[in-house]
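Written below as structure tokens is the structure these notes are about.
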Amino acid sequence: NREFINSFLYYHPTDSVELKLYHYMHIDQDSDIIQKLKWLGIFSNTKIGLKQATPAQIMEHILKPKWQLQPGDKDMVVMWHKFVYRDKDSGIPMNLTSSLAVTGDNDIHTAMAKTVGLPLAVAVKLFLTGKIKLTGMHIPTDRLIYKPVLAELEKHGIVFREKLQEDVPEE
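Residues in the sequence shown are numbered consecutively from 30, following the working numbering.
Structure follows, in structure tokens:
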């Protein structure tokens, strides 16, 4: 595991992987973050054992044993987006924040399944029932797709909460 992490850090002939990571992340060696990374096994000498894998697949292989949901566990998906723009009519700087928090029911019916699988299933249903009338290839940022999908997802408790306010400069 440590060789994999080391491959993403700068080269230094004598610094340990841990020391290089402390410097890269600008954190103290006693920080909670480092303790959590140690718990995950990031610094272990365990061989990864995958013949051909992408960095994402290797990281999944390292994290999966520790992050796998156990019976009775629940996951949570949290999203927070901030859009800063200037109102086209008034020219006033605006902030739009959009947030979502979804908790899974259990270790099988997860928040991840609800927020990834359900939107696709809803879109397919809307298409098959003629409520989305588009043909050909389209991305879900098309209003004719996302409006009815979001309306249907709201019935399942998946709702983005939006807050619009004038952009107040930070002091």
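Backbone N, C-alpha and C fix where the C-beta goes; we use that ideal spot for every residue, glycine too. This one's a predicted model, so the numbers in the text were calculated from it and none came from an experiment.
Item                                                                                                                                                     : Value
Find the nearest neighbour of residue 85 within the set 33, 116 and 60, judged by alpha-carbon distance.                                                 : 33
What is the DSSP secondary structure of residue 58, reduced to helix, strand or coil?                                                                    : coil
Tell me whether residue 166 sits in a helix, a strand or coil according to DSSP, three-state version.                                                    : coil
Evaluate the contact criterion for the region 138 to 145 versus the region 166 to 180: three or more CB pairs, one atom per stretch, below 8 Å.          : no
Once DSSP output is grouped into helix, strand and coil, what is the label at residue 75?                                                                : coil
Under 8 Å, do residue 79 and residue 90 count as touching if we go by C-beta distance?                                                                   : yes
Tell me, please, which residues DSSP counts as bridged to residue 130.                                                                                   : 107
Are residue 196 and residue 113 close, meaning C-beta to C-beta below 8 Å?                                                                               : yes
Going by the DSSP bridge assignment, what does residue 122 pair with across the sheet?                                                                   : 115
Alpha carbon to alpha carbon, what distance is there between residue 157 and residue 68?                                                                 : 47 Å
I'd like to confirm the pairing. Which residues does DSSP put opposite residue 194 in its beta bridges?                                                  : 124
Does the region 128 to 137 come close enough to the region 149 to 156 to have 3 or more Cβ pairs within less than 8 Å?                                   : no
Counting only the same chain and skipping the five closest in sequence on each side, list residues whose C-beta sits under 6 Å from that of residue 189. : 127 and 129
On the three-state DSSP scale, how would you describe residue 94?                                                                                        : helix
On the CB-based measure, 16 or more other CB atoms within 10 Å of its CB, does residue 148 come out buried or exposed?                                   : buried
Is the distance from the Cβ of residue 123 to the Cβ of residue 193 below 8 Å?                                                                           : yes
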